[in-house]
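A quick write-up on the structure given underneath.
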Amino acid sequence: MTARTSDIEKAAGVLHAGGLVALPTETVYGLGANAEDPTAVARIFQVKGRPPSHPLIVHIGAAEHLDDWVQDVPATARLLAEHFWPGPLTLVLGRGPRVPLEATGGLETVAVRVPDHPVALALLSAFGGGVTAPSANRFGSVSPTTADHVRAELGDAVDFVLDGGPCEVGVESTIVDATGEIPSILRPGGVTREDLEAVLGCPLSVPSTSRVRVPGQHPSHYAPRARVVLVEPEKVVAEAELAQELGHRVGVFLPASIADAPVKAHAVVAVPGSPAAYARGLYGFLRELDQRGCDLIVASLPVEEGLGLAIANRLRRAAGPRPSETRSG
Ligand code: TXA
Ligand code: MG
1 MTARTSDIEK
11 AAGVLHAGGL
21 VALPTETVYG
31 LGANAEDPTA
41 VARIFQVKGR
51 PPSHPLIVHI
61 GAAEHLDDWV
71 QDVPATARLL
81 AEHFWPGPLT
91 LVLGRGPRVP
101 LEATGGLETV
111 AVRVPDHPVA
121 LALLSAFGGG
131 VTAPSANRFG
141 SVSPTTADHV
151 RAELGDAVDF
161 VLDGGPCEVG
171 VESTIVDATG
181 EIPSILRPGG
191 VTREDLEAVL
201 GCPLSVPSTS
211 RVRVPGQHPS
221 HYAPRARVVL
231 VEPEKVVAEA
241 ELAQELGHRV
251 GVFLPASIAD
261 APVKAHAVVA
271 VPGSPAAYAR
281 GLYGFLRELD
291 QRGCDLIVAS
301 LPVEEGLGLA
311 IANRLRRAAG
321 PRPSETRSG
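Take the sequence shown: its letters are residues 1 to 329, numbered as in full-length UniProt numbering.
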């Protein structure tokens, strides 16, 4: 979908005036502000309910603008930018003087990416500067992949919602720490580890949180209202039916390998067999099960290769302990 030119101009005007614009990207919708306006940036944190120490991503219109925003760029970072931008890859690099500390949570590094969405690129071009934007959801909850998700969750707190249709990728960008000569993955996402390794010609490390098997070791994020329980694929049906018998309103993510299995539950989502379709649908499925009144979601992890790595990371974090369970005092 392409937004009307008048909408793009209006959105650019809102950014210039210090307002907040929800904008589509290929991954998820972002809650954008002028990256160089500390007051506007501070409003993002307020609206999201996000701690000010959590840094944001600066969205720029083209790889050629990278040096306007960062400094000390290693050759490997340039190689990655050349290959994957525009696209779902975020590079963490040295903070340039144009980026206020408000946007980086006080860090001397900054996360930057060029989104691969015609509406986002049109907005960045009309605006002319950088747009700092986290996902356009309340802190800790599920990221929005349609303009309706944004309106439902943030409503009037956003000055303008730019509708660019449903997001193609569906999970957030891959974040790579590119400050050193050997990059590392901070968050798996839309660009796969395999694609990055093919370009770099070396293996990349992935954060241990995405490998932890036991749910409950990391605080929840990307979480629906319903509790999420992860089990082996062959145990999904039995686990769901047991919980349903115990009085839960159970939503099931039925793995593609057992797509035809009958299951007695409150709501069933058939997980797409293709990882790209699963990633695209993931957050919508979680929202749908919330909307249908489920209090428990039973799911299993996909194979952790390709986009499956990002999907598994989000499911683990959705299944992690909620803030009320992790705080001791
Ligand atoms: O696909 C995406 O990345 C979406 C769209 C809107 O671009 N944005 C997104 O933003 O997911 P957010 O704020 O929800 O997640 C940004 C992540 C945070 O986990 C933050 O910790 C990390 O980026 N980050 C930002 N700056 C960083 C820095 N200087 N060092 C390390 N991590 C950083
Ligand atoms: Mg987010």
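From the three backbone atoms N, C-alpha and C, an ideal C-beta is built for every residue, glycine too.
Asked                                                                                                                                                                          : Found
Secondary structure at VAL311, three-state DSSP: helix, strand or coil?                                                                                                        : As written in the sequence, residue 311 is Ile, which differs from the Val given in the question. Note: ILE311 maps to helix in three-state DSSP.
Taking the alpha-carbon positions, what's the ALA111 to THR104 distance?                                                                                                       : 8 Å
Can you say whether LEU230 is buried or exposed, counting buried as having 16 or more other CB atoms within 10 angstroms of its CB?                                            : buried
Is it right to say ARG322 is buried, meaning 16 or more other beta carbons lie within 10 angstroms of its own, or is it exposed?                                               : exposed
State yes or no: is the beta carbon of GLY165 nearer than 8 Å to at least one beta carbon in chain D?                                                                          : Reference to chain D is not applicable here, since this structure consists of a single protein chain.
State the Cα-Cα distance for the pair ARG287 and CYS294, rounded to the nearest angstrom.                                                                                      : 10 Å
Which class does residue 335 belong to by DSSP, given the choice of helix, strand or coil?                                                                                     : No answer is possible for residue 335: it lies beyond the span of the chain, which begins at 1 and ends at 329.
Let me check one thing: in DSSP terms, what residues is SER184 bridge-paired to?                                                                                               : ASP177
According to DSSP, what are the bridge partners of GLY251?                                                                                                                     : ALA267, ILE297
So what does DSSP say about LEU79, is it helix, strand or coil?                                                                                                                : helix
Which residues are close to the ligand MG, meaning CB closer than 7 Å to any heavy atom, in chain order?                                                                       : PRO134, SER135, ASN137, SER143, GLU172
Under 8 Å, with one C-beta from each stretch per pair, do the stretch 21-32 and the stretch 43-63 reach the 3-pair mark?                                                       : yes
Using the rule of at least 16 other Cβ atoms within 10 Å of the residue's Cβ for burial, across every protein chain shown, is HIS248 buried or exposed?                        : buried
Tell me the residue span of the alpha helix (DSSP H) that contains GLY30.                                                                                                      : From DSSP, GLY30 is part of no alpha helix (DSSP H) but of the beta strand (DSSP E) over 30-34.
Distance check for ALA256 and ALA318, CA to CA, integer angstroms please.                                                                                                      : 20 Å
State yes or no: is the C-beta of PRO38 nearer than 7 Å to some heavy atom of the ligand TXA?                                                                                  : no
In the structure shown, what three-state DSSP assignment does VAL171 receive?                                                                                                  : coil
Quick one: residues in its chain with C-beta nearer than 6 Å to the C-beta of SER328, no 5 flanking neighbours on either side, listed in chain order?                          : At SER328, the pLDDT of 39 sits below 50, so the modelled position is not reliable and the matter cannot be decided from this model.
Consider the C-beta atom of VAL28 and the heavy atoms of the ligand TXA; say whether any pair is separated by less than 7 Å.                                                   : yes
Decide if HIS54 is buried, meaning its Cβ has at least 16 other Cβ atoms within 10 Å, or exposed.                                                                              : exposed
With a cut-off of 8 Å on the beta carbons, I'd call ALA226 and GLY251 a contact; round off their distance for me.                                                              : 6 Å
Within the chosen definition, does the stretch 108-128 reach the stretch 160-176 through at least 3 CB pairs nearer than 8 Å?                                                  : yes
Is the distance from the Cβ of THR27 to the Cβ of VAL171 below 8 Å?                                                                                                            : yes
In the stretch 87-164, which residue ranges form an unbroken alpha helix (DSSP H) of at least 4 residues, counting only runs that do not cross its ends?                       : 101-104, 118-127, 147-154
Count the other C-beta atoms from every protein chain shown that fall within 10 angstroms of the C-beta of GLY189, then say buried if there are 16 or more, exposed otherwise. : buried
Put LEU196 into one of helix, strand or coil per three-state DSSP.                                                                                                             : helix
Assuming ILE175 and ARG193 are in contact, meaning their beta carbons sit under 8 Å apart, how far apart are those beta carbons, in whole angstroms?                           : 12 Å between Cβ atoms; not a contact.
Report whether the distance from the Cβ of ILE311 to the nearest heavy atom of the ligand TXA is below 7 Å.                                                                    : no
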